[in-house]
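Inspection log for the structure reproduced underneath, given as C-alpha coordinates.
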Amino acid sequence: MATVNLSDYKPLHISNAEDFSIGIVFSEWNDFVTYNLRDAALEILEKEGVKAENIKQFSVPGAFELSYASMQLCKERKFDAVIAIGCVIRGETPHFDFVCSAVAQGIKDCNIMTDTPTIFCVLTDDTKEQSIARSGGDLGNKGVEAAVTALQMIDFKKNLSGVKGNIGFGNS
(Lines of atoms letter the chains of each structure in order from A; the text may use other names.)
(Lines give C-alpha, C1' and ligand atoms only; values in the text may rest on other atoms or scores of the structure.)
Protein backbone atom coordinates (compact mmCIF):
# COMPACT_ATOMS: atom_id res chain seq x y z
CA MET A 1 0.00 0.00 0.00
CA ALA A 2 1.27 3.46 -0.92
CA THR A 3 2.10 5.66 2.04
CA VAL A 4 3.26 8.79 0.21
CA ASN A 5 1.60 11.22 -2.16
CA LEU A 6 2.38 9.88 -5.62
CA SER A 7 0.49 12.69 -7.39
CA ASP A 8 2.94 15.57 -7.10
CA TYR A 9 2.35 17.38 -10.35
CA LYS A 10 5.18 18.85 -12.36
CA PRO A 11 4.02 20.82 -15.42
CA LEU A 12 4.77 19.12 -18.72
CA HIS A 13 4.81 22.35 -20.79
CA ILE A 14 3.22 20.86 -23.90
CA SER A 15 3.25 23.31 -26.80
CA ASN A 16 0.51 21.68 -28.87
CA ALA A 17 -1.90 20.41 -26.19
CA GLU A 18 -4.66 22.70 -27.47
CA ASP A 19 -4.97 20.31 -30.41
CA PHE A 20 -5.46 17.22 -28.23
CA SER A 21 -8.89 15.59 -27.95
CA ILE A 22 -9.55 13.53 -24.84
CA GLY A 23 -12.53 11.45 -23.77
CA ILE A 24 -13.19 10.90 -20.08
CA VAL A 25 -15.51 8.08 -19.02
CA PHE A 26 -16.39 8.09 -15.33
CA SER A 27 -18.49 5.85 -13.15
CA GLU A 28 -21.44 7.24 -11.20
CA TRP A 29 -20.98 4.46 -8.62
CA ASN A 30 -18.92 5.73 -5.67
CA ASP A 31 -19.29 9.26 -7.05
CA PHE A 32 -17.83 10.74 -3.88
CA VAL A 33 -14.54 9.37 -5.26
CA THR A 34 -15.00 9.32 -9.02
CA TYR A 35 -16.06 12.97 -9.27
CA ASN A 36 -12.88 13.99 -7.42
CA LEU A 37 -10.77 11.89 -9.80
CA ARG A 38 -12.55 13.35 -12.84
CA ASP A 39 -12.23 16.93 -11.59
CA ALA A 40 -8.51 16.54 -10.89
CA ALA A 41 -7.93 15.09 -14.37
CA LEU A 42 -9.86 17.97 -15.96
CA GLU A 43 -7.86 20.52 -13.99
CA ILE A 44 -4.52 19.10 -15.15
CA LEU A 45 -5.61 18.75 -18.77
CA GLU A 46 -6.73 22.36 -18.84
CA LYS A 47 -3.56 23.55 -17.05
CA GLU A 48 -1.55 21.85 -19.78
CA GLY A 49 -3.49 23.72 -22.45
CA VAL A 50 -6.06 21.18 -23.64
CA LYS A 51 -9.09 23.23 -24.68
CA ALA A 52 -12.19 22.57 -22.58
CA GLU A 53 -14.22 21.98 -25.75
CA ASN A 54 -11.77 19.20 -26.72
CA ILE A 55 -12.47 17.26 -23.53
CA LYS A 56 -15.66 15.21 -23.69
CA GLN A 57 -17.11 13.63 -20.56
CA PHE A 58 -19.33 10.55 -20.43
CA SER A 59 -20.85 9.00 -17.33
CA VAL A 60 -21.69 5.32 -16.92
CA PRO A 61 -23.54 3.59 -14.07
CA GLY A 62 -20.63 1.63 -12.60
CA ALA A 63 -17.05 0.52 -13.04
CA PHE A 64 -18.05 -2.59 -14.99
CA GLU A 65 -19.47 -0.40 -17.77
CA LEU A 66 -16.20 1.52 -18.19
CA SER A 67 -14.79 -1.10 -20.56
CA TYR A 68 -17.71 -0.93 -22.97
CA ALA A 69 -17.88 2.86 -22.99
CA SER A 70 -14.10 3.21 -23.37
CA MET A 71 -14.05 0.77 -26.27
CA GLN A 72 -16.85 2.65 -28.01
CA LEU A 73 -14.94 5.92 -27.67
CA CYS A 74 -11.78 4.26 -28.99
CA LYS A 75 -13.65 2.88 -31.98
CA GLU A 76 -14.94 6.37 -32.79
CA ARG A 77 -11.32 7.42 -33.45
CA LYS A 78 -12.17 10.98 -32.40
CA PHE A 79 -9.99 11.01 -29.30
CA ASP A 80 -6.23 11.10 -28.89
CA ALA A 81 -6.69 9.33 -25.53
CA VAL A 82 -9.46 8.03 -23.29
CA ILE A 83 -9.34 8.12 -19.49
CA ALA A 84 -11.48 5.52 -17.67
CA ILE A 85 -12.32 6.61 -14.12
CA GLY A 86 -13.94 4.39 -11.53
CA CYS A 87 -13.80 3.11 -7.98
CA VAL A 88 -14.45 -0.38 -6.66
CA ILE A 89 -14.35 -0.88 -2.90
CA ARG A 90 -14.02 -4.39 -1.52
CA GLY A 91 -17.15 -5.75 0.11
CA GLU A 92 -18.03 -9.03 1.73
CA THR A 93 -18.43 -11.05 -1.48
CA PRO A 94 -16.15 -12.00 -4.40
CA HIS A 95 -18.01 -9.42 -6.55
CA PHE A 96 -15.03 -7.07 -6.03
CA ASP A 97 -12.61 -9.52 -7.64
CA PHE A 98 -14.83 -10.14 -10.65
CA VAL A 99 -15.48 -6.47 -11.32
CA CYS A 100 -11.85 -5.40 -10.86
CA SER A 101 -10.56 -8.15 -13.10
CA ALA A 102 -13.14 -7.50 -15.82
CA VAL A 103 -12.50 -3.76 -15.87
CA ALA A 104 -8.73 -4.17 -15.97
CA GLN A 105 -9.03 -6.68 -18.82
CA GLY A 106 -11.48 -4.43 -20.67
CA ILE A 107 -9.22 -1.39 -20.49
CA LYS A 108 -6.27 -3.56 -21.52
CA ASP A 109 -8.32 -4.69 -24.53
CA CYS A 110 -8.90 -1.08 -25.55
CA ASN A 111 -5.16 -0.56 -25.54
CA ILE A 112 -4.26 -3.60 -27.59
CA MET A 113 -7.25 -3.67 -29.95
CA THR A 114 -7.39 0.01 -30.89
CA ASP A 115 -5.02 2.84 -31.70
CA THR A 116 -6.24 4.97 -28.80
CA PRO A 117 -4.32 5.00 -25.53
CA THR A 118 -6.79 4.20 -22.76
CA ILE A 119 -5.77 5.14 -19.25
CA PHE A 120 -6.78 2.99 -16.28
CA CYS A 121 -7.85 5.31 -13.45
CA VAL A 122 -9.87 2.83 -11.44
CA LEU A 123 -9.28 2.68 -7.72
CA THR A 124 -9.52 -0.87 -6.37
CA ASP A 125 -9.32 -0.35 -2.63
CA ASP A 126 -10.16 -2.40 0.42
CA THR A 127 -11.87 0.47 2.24
CA LYS A 128 -13.72 3.71 1.62
CA GLU A 129 -10.96 5.52 3.51
CA GLN A 130 -8.30 4.23 1.11
CA SER A 131 -10.33 5.48 -1.85
CA ILE A 132 -10.75 8.90 -0.28
CA ALA A 133 -7.00 9.08 0.43
CA ARG A 134 -6.28 8.39 -3.27
CA SER A 135 -8.89 10.78 -4.67
CA GLY A 136 -7.69 14.03 -3.14
CA GLY A 137 -6.73 12.95 0.35
CA ASP A 138 -3.39 12.24 2.01
CA LEU A 139 -2.10 10.09 -0.85
CA GLY A 140 -2.86 12.54 -3.64
CA ASN A 141 -5.29 12.18 -6.49
CA LYS A 142 -4.99 9.44 -9.07
CA GLY A 143 -6.94 11.66 -11.48
CA VAL A 144 -3.85 13.87 -11.70
CA GLU A 145 -1.72 10.87 -12.59
CA ALA A 146 -4.26 9.70 -15.18
CA ALA A 147 -4.26 13.08 -16.95
CA VAL A 148 -0.46 13.23 -17.00
CA THR A 149 -0.32 9.66 -18.30
CA ALA A 150 -2.84 10.46 -21.05
CA LEU A 151 -0.74 13.42 -22.18
CA GLN A 152 2.44 11.35 -22.14
CA MET A 153 0.82 8.57 -24.15
CA ILE A 154 -0.51 11.03 -26.73
CA ASP A 155 3.03 12.37 -27.06
CA PHE A 156 4.37 8.82 -27.35
CA LYS A 157 1.92 8.03 -30.15
CA LYS A 158 2.65 11.29 -31.98
CA ASN A 159 6.40 10.59 -31.73
CA LEU A 160 5.86 7.17 -33.28
CA SER A 161 4.03 8.73 -36.20
CA GLY A 162 6.74 11.35 -36.72
CA VAL A 163 4.94 14.29 -35.14
CA LYS A 164 7.23 15.56 -32.40
CA GLY A 165 5.81 16.74 -29.09
CA ASN A 166 7.61 18.70 -26.44
CA ILE A 167 7.21 16.48 -23.40
CA GLY A 168 10.38 14.53 -24.03
CA PHE A 169 8.75 11.26 -23.06
CA GLY A 170 10.33 8.54 -25.17
CA ASN A 171 12.73 10.87 -26.95
CA SER A 172 16.22 9.38 -26.97
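If you're matching positions, the sequence shown starts at 1 in UniProt numbering and goes up one per residue. All C-beta atoms, glycine included, are put in the ideal place defined by N, C-alpha and C.
Sub-8 angstroms separation of residue i and residue j beta-carbons
i    : j   : result
I14  : E46 : no
S70  : V88 : no
F58  : V33 : no
F120 : A84 : yes
G23  : K56 : yes
With 16 other Cβ atoms within 10 Å as the buried cut-off, status of residue i
i    : result
T127 : exposed
A41  : buried
D80  : buried
F20  : buried
Whole-angstrom distance between residue j and residue i, CA atom to CA atom
i    : j    : result
G136 : N36  : 7 angstroms
G106 : L66  : 8 angstroms
R90  : D31  : 16 angstroms
Q130 : N141 : 11 angstroms
C100 : W29  : 14 angstroms
Extent of the continuous beta strand (DSSP E) run through residue i
i   : result
K56 : 55-60
I14 : From DSSP, I14 is part of no beta strand (DSSP E); its letter is neither H nor E.
G23 : 22-27
Start and end residues, alpha helix (DSSP H) containing residue i
i    : result
G136 : That residue, G136, is in no alpha helix (DSSP H); its beta strand (DSSP E) goes 135-137.
G158 : First, the amino acid is wrong: residue 158 is Lys here, not Gly. Counting along the chain, the alpha helix (DSSP H) containing K158 begins and ends at 142-160.
Open item on the list: In chain order, what are the residue ranges of uninterrupted alpha helix (DSSP H) at least 4 long that sit wholly in the region 36-121?
Closed with: 66-76, 95-113
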